[in-house]
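In the working numbering, the protein residues as written are 210 to 563.
Next comes the structure, spelled out in structure tokens:
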């Protein structure tokens, strides 16, 4: 069977927009929303819909809701892939929502969260200065074109899903502005511990930032415990946090490196480290084989890795003989059990190729 080589060209357009809500307490109604000014990122127009009292899906009205809307789609493109994130500008103790990567299409032109922040947390946070709230939305529009050559496997790919440029300079600016220099011990399970700088974790992850700011306000404890994470995974996570790159052993496409990449992707999602998550997606996109693509697609669907999902689907439906082999693997069986609708999506893509 001829080998299929798949490469891609990825361009990332990034932008931010601030929605300022004045007279926040005066907005009433469980389905009342405010719309931001239209802003432009990646040749597309966007705006933000904010529900101070929650949208109609929130029965008790105890949460605010926020959504990013794609206002227009270019006539030559039926969908736009974008990574989005929402946060409250005035309070780092409240974690950001995202980053998530999703497809914006005419049938579903918006993505967001119905439970953005509870009213109780909002009132206690100090964000409502003079009854005014500022919401920051970060958008990265990802333009990706996949190209098929004449090879058959992905291990020789020169490209793949490409992460945006390093944002270490911006994150280190947070250290200089806030001066967080507290030493911290991170305990993984009961047997391993790591001595770290709290300021580094806070600067690189909004989730760590929220946890550490909350701990500092409540007590002077200099130890935190992380559950449900292997110590080796945390060690690699720390390497990225401090060096903005992965350790050398992960440069190879070995079984150990790929297994670590899968766990690291989960950790990056857990701590909202968007660039690291895209790096992991890129590495996994270069390691697609008949026996692994089912597990990879299952992971991509679970953690909303839209680019990696697209890459897996394209690999699966490219060759009919390959697809027949894939559906017999344990990875595909796991995929069907966890995400049964994916099988229908694959079927539709096969039909479209007929």
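Cβ atoms here follow ideal geometry from the backbone N, Cα and C, with glycine treated the same way.
Label residue i either buried or exposed according to how many other C-beta atoms from any shown protein chain fall within 10 Å of its C-beta, with 16 as the threshold for buried.
i, result
"residue 253", "buried"
"residue 245", "buried"
"residue 540", "buried"
"residue 420", "buried"
"residue 265", "exposed"
"residue 358", "With a pLDDT of 47 at residue 358, under the threshold of 50, the predicted position of this residue should be treated as unreliable, though the coordinate-derived value follows. Under this definition residue 358 is an exposed residue."
"residue 344", "buried"
"residue 316", "exposed"
"residue 234", "exposed"
"residue 550", "exposed"
"residue 225", "exposed"
"residue 436", "exposed"
"residue 186", "The structure shown does not extend to residue 186, since the chain is modelled only from 210 through 563, so no value can be given for it."
"residue 559", "exposed"
"residue 486", "buried"
Quick one: Cα of residue i to Cα of residue j, how far?
i, j, result
"residue 395", "residue 533", "47 Å"
"residue 402", "residue 458", "22 Å"
"residue 251", "residue 223", "7 Å"
"residue 362", "residue 310", "Confidence in residue 362 is poor, its pLDDT being 49 and thus under 50, which makes the residue's placement unreliable; the coordinate value appears in the next sentence. Rounded to the nearest angstrom, the two C-alpha atoms are 26 Å apart."
"residue 494", "residue 476", "18 Å"
"residue 261", "residue 335", "16 Å"
"residue 351", "residue 257", "19 Å"
"residue 273", "residue 463", "45 Å"
"residue 467", "residue 517", "14 Å"
"residue 331", "residue 241", "18 Å"
"residue 305", "residue 530", "44 Å"
"residue 601", "residue 417", "Look at the range of the chain in this structure, 210 to 563, and you will see that residue 601 is not part of it."
"residue 432", "residue 399", "13 Å"
"residue 346", "residue 543", "35 Å"
"residue 552", "residue 404", "46 Å"
"residue 500", "residue 525", "11 Å"
"residue 411", "residue 444", "17 Å"
"residue 512", "residue 484", "14 Å"
"residue 329", "residue 287", "40 Å"
"residue 460", "residue 276", "37 Å"
"residue 492", "residue 413", "21 Å"
"residue 557", "residue 479", "32 Å"
"residue 438", "residue 535", "30 Å"
"residue 248", "residue 291", "14 Å"
"residue 243", "residue 342", "12 Å"
"residue 422", "residue 407", "10 Å"
"residue 393", "residue 321", "34 Å"
"residue 397", "residue 307", "24 Å"
"residue 434", "residue 538", "38 Å"
"residue 298", "residue 451", "25 Å"
"residue 447", "residue 523", "33 Å"
"residue 472", "residue 490", "11 Å"
Out of the options, which has the shortest C-alpha to C-alpha gap to residue i?
i, options, result
"residue 519", "502, 462, 531, 530", "502"
"residue 227", "265, 295, 460", "295"
"residue 465", "409, 441, 408, 339", "441"
"residue 509", "537, 321, 470, 536", "470"
"residue 312", "341, 289, 547, 323", "289"
"residue 229", "237, 340, 308, 417", "340"
"residue 338", "231, 415, 554, 451", "231"
"residue 255", "243, 234, 280", "280"
"residue 238", "461, 259, 249, 317", "259"
"residue 507", "545, 484, 486, 472", "545"
"residue 327", "287, 342, 270", "270"
"residue 449", "474, 287, 554", "474"
"residue 324", "287, 408, 452, 263", "263"
"residue 547", "408, 555, 504", "504"
What distance in whole Å lies between the Cβ atoms of residue j and residue i, which are believed to be in contact at a cut-off of 8 Å?
i, j, result
"residue 488", "residue 455", "7 Å"
"residue 497", "residue 514", "So it is not a contact: roughly 13 Å between Cβ atoms."
"residue 319", "residue 278", "4 Å"
"residue 349", "residue 221", "5 Å"
What first and last residue would you give for the beta strand (DSSP E) that runs through residue i?
i, result
"residue 519", "Run containing residue 519: none in the beta strand (DSSP E); it sits in the alpha helix (DSSP H), 515-526."
"residue 578", "Here the chain covers residues 210 to 563 and nothing more, so residue 578 does not appear."
"residue 292", "289-297"
"residue 279", "274-279"
"residue 309", "306-313"
"residue 248", "248-250"
"residue 322", "319-322"
"residue 482", "Run containing residue 482: none; DSSP gives neither H nor E here."
For the alpha helix (DSSP H) that residue i lies in, which residues bound it at each end?
i, result
"residue 539", "539-547"
"residue 410", "407-413"
"residue 237", "Looking at the DSSP string, residue 237 is not in any alpha helix (DSSP H), and its letter there is neither H nor E."
"residue 450", "440-452"
"residue 533", "529-535"
"residue 505", "502-511"
"residue 496", "Counting along the chain, residue 496 falls outside any alpha helix (DSSP H), and DSSP gives it neither H nor E."
"residue 436", "Here residue 436 belongs to no alpha helix (DSSP H), and DSSP marks it neither H nor E."
Return no unless some Cβ of chain B is closer than 8 Å to the Cβ of residue i.
i, result
"residue 474", "Within the model displayed, chain B is absent; a lone protein chain is all it includes."
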